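Chains as they are written, first to last, in the numbering used here: chain A, 15 to 182; chain B, 459 to 619.
Positions of the beta carbon are idealized from the N, C-alpha and C atoms, including for glycine.
Just so we're clear, the structure is a prediction, and the values are computed from it rather than from any experiment.
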Amino acid sequence: MMILHPSRGALRSYHDRQLSERRARDVARHLERCARCGARLEEIGTQAQQVRELFEALEVESVPLREVVARGSATAGLERAPFGAWGWFSRPVALPVPAWISLGLALVLFGAIVGTRPRMAPDVQPPAAEGRLVVVAQRGPSGRESRTLSLNEGNYRFIETPTVYTSP
Amino acid sequence: VTLEQDFRTHYTEIFRYAAKLAGSREDAEDVAQESFLRLERVVRSGAGPAEPRAWLFRVATNLCGDLRRRRHTRGDGGEGFETLRSRSDPSADLLREERRALARRVLDRLSERDRMLLALWSSGHPHAEIARIAGVRSSSIGRLLERATRRAASLLNKESR
């Protein structure tokens with residue numbers, strides 16, 4: 015009677031419990047009566063364990079996402095605003111009335127100038143709302159663009175002016 | 459599933475996978491970041507992958523391969539992998555560093571595909587998923603893994619002597 019031995023690949027799949035139920039049953043039945051395949055399976059198991067330990071040596075602790083977000087924001091040149099949602103706009107300011115009027119006129123003038131400028135390119139959007147993923151593109155002193163991906167989880171104000179792309 | 463969800467769900471596993479292949483925590487972070495940046499680009503272009511997770515692993519694998527080749531060209535062995543665990547026990551740390559260096563030497567001598575297959579397997583991916591990420595038939599994955607494991611074990615025995 016001819017005996018069909020399972021291949022080493024099939025034995026490996028059997029070892030990793032990746033065979034279908036029926037195929038696994040066939041292999042198990044074969045292993046009950048074939049010492050040669052039993053020895054092969056044992057060898058496969060030993061080698062798999064050696065490789066598992068090899069990779070365990072390279073394991074690193076995972077980086078908590080919060081840390082990623084904080085680092086992403088730091089490298090993107092973003093800074094947590096110190097005064098809540100309105101940042102430094104919400105600081106209490108005591109100015110005389112004429113100064114407030116001058117400031118108002120200056121703002122109106124500024125608005126008129128900015129209003130006549132070409133609109134932003136359609137793919138450039140303002141910073142995302144909290145919890146949205148943002149890609150922050152910045153040009154360094156050498157002129158090279160660096161891009162960082164970050165979850166916008168806090169209240170940030172820009173200390174430089176990067177281009178922020180929000181994810182769709 | 460949005461890109462944010464993909465980022466939250468898969469960042470850590472991509473980072474851990476890249477750490478096994480890249481050789482340093484900083485490189486792993488760069489690889490993970492770049493993988494998601496590329497995903498963001500293809501999603502924006504409207505050509506988002508059907509299986510973002512498999513896609514991310516493939517991109518991370520390629521980026522680690524590029525990194526390894528660049529390092530090889532520069533003659534930099536990628537030493538100095540930062541140990542992230544406690545340094546309260548110097549002898550345990552020394553032993554860990556030795557094991558890490560041995561692992562790096564073995565991995566450096568494996569082919570790129572073997573490294574990828576074994577890194578994915580050691581990360582707990584089922585065979586069908588490894589096949590999808592590696593772009594091979596799932597019926598071949600047992601054989602490919604067995605051969606890769608045998609080669610790695612043989613190198614390990616040689617290096618340990």
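Practice prompt. Give a yes or no on whether the C-beta atoms belonging to B/A476 and B/A512 are separated by under 8 Å.
Written response: no
Discussion item. Less than 8 Å between the beta carbons of A/R161 and A/V148, yes or no?
Written reply: no
Worksheet item: With 16 other CB atoms within 10 Å as the buried threshold, where does B/F465 fall?
Response: buried
Fill in: C-beta atoms of A/L25 and A/L55 nearer than 8 Å
yes
Worksheet item: Between B/S612 and B/L565, what straight-line distance do the alpha-carbon atoms span, to the nearest angstrom?
Response: 12 Å
Practice prompt. Would you mind working out which of B/T470, B/H530, B/R526, B/L578 sits nearest B/R516, comparing C-alpha positions?
Written response: B/L578
Worksheet item: How would you list, in chain order, the residues of chain B whose beta-carbon sits under 9 Å from the beta-carbon of A/S27?
Response: H585, I599, G600, R601, L603, E604
Fill in: Assigned secondary structure, B/Q463 (DSSP; H/G/I helix, E/B strand, else coil)
helix
Worksheet item: What are the boundary residues of the alpha helix (DSSP H) that A/G52 is part of?
Response: 49 to 70
Item to complete: Report, in whole angstroms, the separation of the C-beta atoms of B/T607 and B/L568, which I expect to be a contact under 8 Å.
Response: With 8 Å as the limit, B/T607 and B/L568 do not qualify as a contact, their Cβ atoms being about 10 Å apart.
Worksheet item: Should B/V489 and B/L514 be called a contact, given that it needs their Cβ atoms to be closer than 8 Å?
Response: no
Fill in: Per-residue DSSP class, three states only, for B/S544
Note that B/S544 scores 49 on pLDDT, short of 50, meaning its location in the model is unreliable and no value can be drawn from it.
Worksheet entry | chain B residues whose Cβ lies nearer than 9 Å to that of A/G23 | S597, S598, I599, G600, R601, L602, L603, E604, R605
Worksheet entry | As assigned by DSSP and simplified to three states, the class of B/R511 | helix
Practice prompt. Sort B/D524, B/R562, B/R527, B/A508 by Cα distance to A/L72 and report the nearest one.
Written response: B/R562
Practice prompt. Using a Cβ-Cβ cut-off of 8 Å, state whether B/V564 counts as contacting chain A.
Written response: yes
Worksheet entry | Residues near B/R502 by beta carbon distance below 8 Å, same chain, minus five either side | none
Worksheet item: Using a Cβ-Cβ distance under 8 Å, would A/D40 count as near chain B?
Response: no
Worksheet item: Whose C-alpha, out of B/H583, B/K478, B/R527, B/M574, is nearest the C-alpha of B/A559?
Response: B/K478
Worksheet entry | Alpha carbon of B/R526 to alpha carbon of A/Q64, nearest angstrom | 23 Å
Item to complete: Flag this pair as yes or no: are the beta carbons of A/H19 and A/C51 separated by less than 8 Å?
Response: yes
Practice prompt. Report yes if the C-beta distance between B/G582 and A/G23 is below 8 Å; otherwise report no.
Written response: no
Item to complete: Report the neighbours of B/A561 on chain A: residues whose CB is nearer than 9 Å to its CB, in chain order.
Response: E67, L68, F69, E70, A71, L72
Worksheet item: Taking 8 Å as the CB-CB limit, is A/A49 close to chain B?
Response: no
Worksheet item: Which residues in the same chain have their Cβ closer than 7 Å to the Cβ of B/H585, if we skip the five residues on either side of it in sequence?
Response: S596, I599, G600
Item to complete: Mind listing the chain B neighbours of A/A62? Cutoff is C-beta to C-beta under 7 Å, in chain order.
Response: T607
Worksheet item: Can you name the residues of chain B whose CB is closer than 8 Å to the CB of A/R161?
Response: L495
Discussion item. Using a Cβ-Cβ cutoff of less than 6 Å, which residues in the same chain neighbour A/W114 once the five nearest sequence positions on both sides are dropped?
Written reply: none
Worksheet item: What residues from the region 110 to 127 of chain A come within 9 Å of chain B, judged by C-beta to C-beta, listed N to C?
Response: none
Item to complete: Could you give the DSSP three-state label for B/R563: helix, strand or coil?
Response: helix
Discussion item. Which residue marks the beginning of the alpha helix (DSSP H) containing A/E73, and which one marks its end?
Written reply: It is not in any alpha helix (DSSP H) - A/E73 carries neither H nor E in the DSSP assignment.
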